[in-house]
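The listed protein sequences derive, respectively, from chains A and B.
If you count the first sequence from 1, you need to add 282 to reach the working numbering.
If you count the second sequence from 1, you need to add 30 to reach the working numbering.
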Amino acid sequence: ETGVTQSPTHLIKTRGQQVTLRCSSQSGHNTVSWYQQALGQGPQFIFQYYREEENGRGNFPPRFSGLQFPNYSSELNVNALELDDSALYLCASSLTRTDTQYFGPGTRLTVL
Amino acid sequence: AQSVTQLDSQVPVFEEAPVELRCNYSSSVSVYLFWYVQYPNQGLQLLLKYLSGSTLVESINGFEAEFNKSQTSFHLRKPSVHISDTAEYFCAVSDLPFNNNDMRFGAGTRLTVKP
Chain A
283 ETGVTQSPTH LIKTRGQQVT LRCSSQSGHN TVSWYQQALG QGPQFIFQYY REEENGRGNF
343 PPRFSGLQFP NYSSELNVNA LELDDSALYL CASSLTRTDT QYFGPGTRLT VL
Chain B
31 AQSVTQLDSQ VPVFEEAPVE LRCNYSSSVS VYLFWYVQYP NQGLQLLLKY LSGSTLVESI
91 NGFEAEFNKS QTSFHLRKPS VHISDTAEYF CAVSDLPFNN NDMRFGAGTR LTVKP
């Protein structure tokens, strides 16, 4: 059974650019959540997708958007990048909305 | 909404010594608690969880945590640590039994095990 995978591993962008991060959920999982983990902090919830629909959103501006595909993989898009967007972005999948979340290794985004 | 406080940002300990990583949460009617571990340059791995039932929960690698409702705590313990336990540990809480989209994490405790 394949776990949660994320791509790319590392990414460097400049302020104002746009970025897309990808996540493949664990087999059979229909729910994907995205988290931002700033250096020295715990993860903060960005949003969740359940069966291709957004199912909750944390305190992040609209320039953070997402998508979930019919195979339940997911994308996180961030427009107009700011320096403070530099962080580790974690994706987590769960069997359903009520089950334990399993995390991927993350994508390290650096904004210069 | 629930919140989590991890009382120690760093815990240094010698190999084979016992350790306790402290976690307190804000009160709510029902609460679901988790400990995750993050090794360097990796994502989070679920260590153990409390959903209901016995207040003492155990992991496969010797960690245990006790849900204490009166103290609003969920401290993580291990009687004898190994060098390989060196990692960042996160306590997390979710207060909606029918939806896991509100999970809130503490700031983390860095456990360093010294030889």
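All residues carry an ideal CB built from backbone N, CA and C; glycine is no exception.
A quick note: this is a predicted structure, and the numbers were derived from the prediction, not measured.
Query                                                                                                        : Result
Supposed close pair Y317 (chain A), L372 (chain A) - CB separation, criterion 8 Å                            : 4 Å
Short Cβ contact (8 Å threshold) for H112 (chain B) with V143 (chain B)                                      : yes
Opening and closing residue of the beta strand (DSSP E) in which E88 (chain B) lies                          : L86 to E88
Residue closest to G388 (chain A), alpha-carbon to alpha-carbon, out of A:C305, A:T296 and A:Q300            : A:C305
Element boundaries [beta strand (DSSP E), containing T142 (chain B)]                                         : T139 to K144
L365 (chain A) (DSSP reduced to helix, strand or coil)                                                       : helix
DSSP three-state assignment for S356 (chain A), whether helix, strand or coil                                : strand
Residues within the segment 87-115 of chain B neighbouring chain A, beta-carbon criterion of under 8 Å       : none
R333 (chain A): contacting residues in chain B (beta-carbon distance under 8 Å)                              : In chain order: nothing, as chain B lies at least about 13 Å away.
Cutoff 8 Å: Q323 (chain A) Cβ touching any chain B Cβ                                                        : yes
Proximity test, Cβ basis, 8 Å: Q40 (chain B) and chain A                                                     : no
Contact with chain A by Q32 (chain B), beta-carbon distance below 8 Å                                        : no
Member of B:F44, B:E46, B:L51 and B:V43 whose CA lies at the smallest distance from the CA of T139 (chain B) : B:L51
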